[in-house]
Amino acid sequence: MAVAALGYVQRFGRNVPYGDDYRLVPVLSGAESLTLEWVWAQENEHRLPVSKLALWSLARLTGTDFRAGMYANVVLLAGISLVLLWQSGRLRGRPDYMDAFFPLALLHWGHYENLLWNIQFFFVSAAALILGILMSLVRPERPGSTLRSGLAGVFVLLLGLHGAFGLVMMVPLALWLLYSSWSMRALSPNRSCADTWIRIGAAVLALALVPLYLHGLMPQRHHPPSPGPLATLGTALEFLGMAFGPAAPLAWPAYAVLVPGGVVATVALLAWTWWKRPRERMRAAGLLATLASVAALALAVGHGRAGLGPGAGFGARYAVLAVAAPCGVYFAWGLYASPPVARLVQTSLFTGTCALLTFNAMAGVGFGTPRRDTMDVFQGDVRAGMTDPELARRYWQFLFPSEALLTDWLRVLRAAGAGPYHGLRRTHSSEVDDVVAPVPAEVHDMVCSGATCRCRGEDPYLVVPLGRRSFVEALTIRYWFGPPTAGAVAFQVFWRATGIDDFDPARSVSRPLRVTGAPGALVVPVRESIDTVRFDPGSGPCTFELLGLSIVPR
Numbered sequence: 194m195a196v197a198a199l200g201y202v203q204r205f206g207r208n209v210p211y212g213d214d215y216r217l218v219p220v221l222s223g224a225e226s227l228t229l230e231w232v233w234a235q236e237n238e239h240r241l242p243v244s245k246l247a248l249w250s251l252a253r254l255t256g257t258d259f260r261a262g263m264y265a266n267v268v269l270l271a272g273i274s275l276v277l278l279w280q281s282g283r284l285r286g287r288p289d290y291m292d293a294f295f296p297l298a299l300l301h302w303g304h305y306e307n308l309l310w311n312i313q314f315f316f317v318s319a320a321a322l323i324l325g326i327l328m329s330l331v332r333p334e335r336p337g338s339t340l341r342s343g344l345a346g347v348f349v350l351l352l353g354l355h356g357a358f359g360l361v362m363m364v365p366l367a368l369w370l371l372y373s374s375w376s377m378r379a380l381s382p383n384r385s386c387a388d389t390w391i392r393i394g395a396a397v398l399a400l401a402l403v404p405l406y407l408h409g410l411m412p413q414r415h416h417p418p419s420p421g422p423l424a425t426l427g428t429a430l431e432f433l434g435m436a437f438g439p440a441a442p443l444a445w446p447a448y449a450v451l452v453p454g455g456v457v458a459t460v461a462l463l464a465w466t467w468w469k470r471p472r473e474r475m476r477a478a479g480l481l482a483t484l485a486s487v488a489a490l491a492l493a494v495g496h497g498r499a500g501l502g503p504g505a506g507f508g509a510r511y512a513v514l515a516v517a518a519p520c521g522v523y524f525a526w527g528l529y530a531s532p533p534v535a536r537l538v539q540t541s542l543f544t545g546t547c548a549l550l551t552f553n554a555m556a557g558v559g560f561g562t563p564r565r566d567t568m569d570v571f572q573g574d575v576r577a578g579m580t581d582p583e584l585a586r587r588y589w590q591f592l593f594p595s596e597a598l599l600t601d602w603l604r605v606l607r608a609a610g611a612g613p614y615h616g617l618r619r620t621h622s623s624e625v626d627d628v629v630a631p632v633p634a635e636v637h638d639m640v641c642s643g644a645t646c647r648c649r650g651e652d653p654y655l656v657v658p659l660g661r662r663s664f665v666e667a668l669t670i671r672y673w674f675g676p677p678t679a680g681a682v683a684f685q686v687f688w689r690a691t692g693i694d695d696f697d698p699a700r701s702v703s704r705p706l707r708v709t710g711a712p713g714a715l716v717v718p719v720r721e722s723i724d725t726v727r728f729d730p731g732s733g734p735c736t737f738e739l740l741g742l743s744i745v746p747r
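Numbers given in our numbering equal positions in the sequence shown, counted from 1, plus 193.
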């Protein structure tokens, strides 16, 4: 299954960013420096510090190849499948064909959105964390070792750093950490306090993430609100049905009954175990918390997407998170049911996954083929020399829903020689359409010869008029730093309109930039009516050239 998934990415994946990938382009391409501000910045309703750092690291290792996240997703899913397969065999005392449920459920081509989209690393890594927590719960040894406590705490904390859905899933597991710390002391009063305090500390830190995450979070209103509780519940059931892949809607509404019904039956089994077997309470509660995490996420998705109408919960990207529910069901019945009943449940899960395998593969091919073909045509146009505005005009409906912003992000990629521009000659800004001729009207503490300026004082800057006053959504700045500039500079951009006497720091953006000797590009959000821009290349000796300046209008 892992080889098939790798083959799927090789066949259909392309080194072209897609959708929200473009929001990360300035930093992943090296045009802007990695900063804590960027790591913590909001992306839609999510904060993705762990995934951003991972994708940035992959970009550095691969020369900003946007297939890196795709291959990393396969490796993560294959790794967690192997561990779950091995763990299930250990619990039973021997391997069994039914355990193939795990790789079949996690590596089929129905995960096409997660396999062919670089930024979906944050979905896949969150799924790996919740399944890693599940694996640590079901190990046959005592569930309270110091190492186990530490790993469980780290996994729960990391899960909370995976966007809004990670935060929702983290809360039940953090509460379980608190419960398990009390349960361990009750079962083993003479036990070392280290395990207890590790779990308490991890739980407190995890719960403290909630207000930290929400502080300064801007509400997103690009989806209509849920019409009501029934619509929310219906979308939540669709989400749970996606545990078996995008082929599950073919058997709808049967899966709307089977998946939630299986979860409810498992909750009853775990509650009975907790009541009757005190020494199993900590593990049973952990399995309950895992199922509660998936249920909470299903309700959150239902609330957030129900306004889009029936079918909104059938997004293929949801499958990798929803699959944690049947994985928990598989282990719970294997641990606490009689052998015949456990075998019946596990065989049913295996059979249900096999029954949909071909249909999931067909869905993957149906998605991958037109996507690959369109991206191949796009890359052909890039190699043929089509300008970035022309590319954006032709492909914005496919690549990113804003022609103006796509134009600027393509210019950033071209300047960096990244993504679809890898291996092509880096173009000078004069080879693309500039809206503004960057001619300075004022220079301070700098000496300019043509377009090249050398810093000569403590406060170097140059002022460029934009012509008539107009609303500017963003500015795309193309620049070059040469010797004797230091390896990094604190580059600052100010803007104002005529009638305002001075440049206000409130109307400015500061960006730390790496100096590589190659041209760079920077996209600066403005969202104001302006007619003048000031550029501060930083203090200290430097050579600076403003290569180009483009306006993104409203």
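Glycine included, each C-beta is placed from N, C-alpha and C at the ideal position. Quantities reported herein were computed from a predicted structural model and do not represent experimental measurements.
Let me know if residue i comes out buried or exposed under the rule of 16 or more other beta-carbons within 10 Å of its beta-carbon.
i      : result
Gly223 : buried
Gln590 : exposed
Leu481 : buried
Cys520 : buried
Cys735 : buried
Pro730 : buried
Val558 : exposed
His408 : exposed
Ser623 : With a pLDDT of 36 at Ser623, under the threshold of 50, the modelled position of this residue cannot be trusted, and the question is left open.
Asn292 : The question names Asn, but residue 292 is Asp in the sequence shown. Buried: at least 16 other Cβ atoms inside 10 Å.
Ser663 : exposed
Asp214 : buried
Trp526 : buried
Arg472 : exposed
Gly692 : exposed
When the Cα atoms are used, what is the spatial distance from residue i to residue j?
i      : j      : result
Arg707 : Arg647 : 18 Å
Val719 : Leu370 : 45 Å
Leu462 : Gly272 : 29 Å
Arg727 : His415 : 34 Å
Ala252 : Val605 : 15 Å
Gly159 : Tyr264 : Residue 159 falls outside the range modelled here, since the chain spans only 194 to 747, and no answer is possible.
Tyr290 : Arg536 : 11 Å
Ala198 : Leu308 : 8 Å
Leu270 : Val656 : 52 Å
Thr669 : Glu225 : 12 Å
Ala357 : Leu514 : 13 Å
Asp627 : Pro417 : Note that Asp627 scores a pLDDT of 43, beneath 50, so its modelled location is shaky; the value from the coordinates is reported in the next line. Straight-line Cα distance between these residues: approximately 38 Å.
Gly359 : Leu227 : 23 Å
Gly262 : Leu248 : 7 Å
Cys386 : Ser374 : 9 Å
Thr567 : Ala644 : 39 Å
Trp390 : Thr483 : 22 Å
Met555 : Met194 : 15 Å
Phe674 : Gly504 : 51 Å
Leu324 : Leu284 : 16 Å
Leu410 : Ile326 : 28 Å
Tyr201 : Val267 : 10 Å
Ala444 : Leu490 : 23 Å
Tyr672 : Ala585 : 22 Å
Phe737 : Ala395 : 48 Å
Gly343 : Glu238 : 29 Å
Asp695 : Phe687 : 10 Å
Leu254 : Ala609 : 15 Å
Pro676 : Pro296 : 54 Å
Thr257 : Gln572 : 16 Å
Quick check on the DSSP output: the beta strand (DSSP E) that includes residue i runs from which residue to which?
i      : result
Trp193 : The first residue shown for the chain is 194 and the last is 747, placing residue 193 beyond what the model contains.
Ser701 : Ser701 to Arg707
Cys648 : Thr645 to Cys648
Val632 : Neither: Val632 is in no beta strand (DSSP E) and is coded neither H nor E.
What span of residues does the alpha helix (DSSP H) with residue i cover, start to end?
i      : result
Ile162 : The question about residue 162 has no answer, for the chain in this structure spans 194 to 747.
Cys520 : Ala517 to Tyr529
Pro422 : Pro422 to Gly434
Thr483 : Arg474 to Arg498
Q.
Could you tell me which whole alpha helix (DSSP H) segments of length 4 or greater appear in the segment 264-324?
A. Runs found: 294-299 and 305-308.
(Q) Does the contact criterion of 3 or more C-beta pairs under 8 Å hold for the segment 290-304 versus the segment 550-560? (A) Yes, since at least three Cβ pairs between the segment 290-304 and the segment 550-560 fall closer than 8 Å, the two stretches touch.
Q) Residue ranges of each alpha helix (DSSP H) run of no fewer than 4 residues wholly in the segment 197-250, ordered along the chain? A) Listed in chain order, the complete alpha helix (DSSP H) runs (minimum 4 residues) inside the segment 197-250 are 218-221 and 229-233.
Q. Are the segment 502-515 and the segment 306-320 in contact at 8 Å, needing three or more beta carbon pairs?
A. Result yes; three or more Cβ-Cβ pairs closer than 8 Å.
Q | Three or more C-beta pairs below 8 Å linking the segment 609-619 and the segment 205-213 | A | When Cβ pairs closer than 8 Å are counted between the two stretches, the segment 609-619 is seen to touch the segment 205-213, the count reaching three or more.
**Q.** Whole alpha helix (DSSP H) elements within the segment 552-629, 4-residue minimum
**A.** The segment 552-629 contains these whole alpha helix (DSSP H) runs: 581-592 and 596-609.
Q. Does the segment 565-584 come close enough to the segment 456-471 to have 3 or more Cβ pairs within less than 8 Å?
A. Cβ pair count under 8 Å is below three, so no.
Q.
Pairs of beta-carbons, one from the segment 429-447 and one from the segment 496-508, closer than 8 Å: are there three or more?
A. For the pair of segments examined, the segment 429-447 was found to touch the segment 496-508: the number of CB pairs separated by less than 8 Å reaches three.
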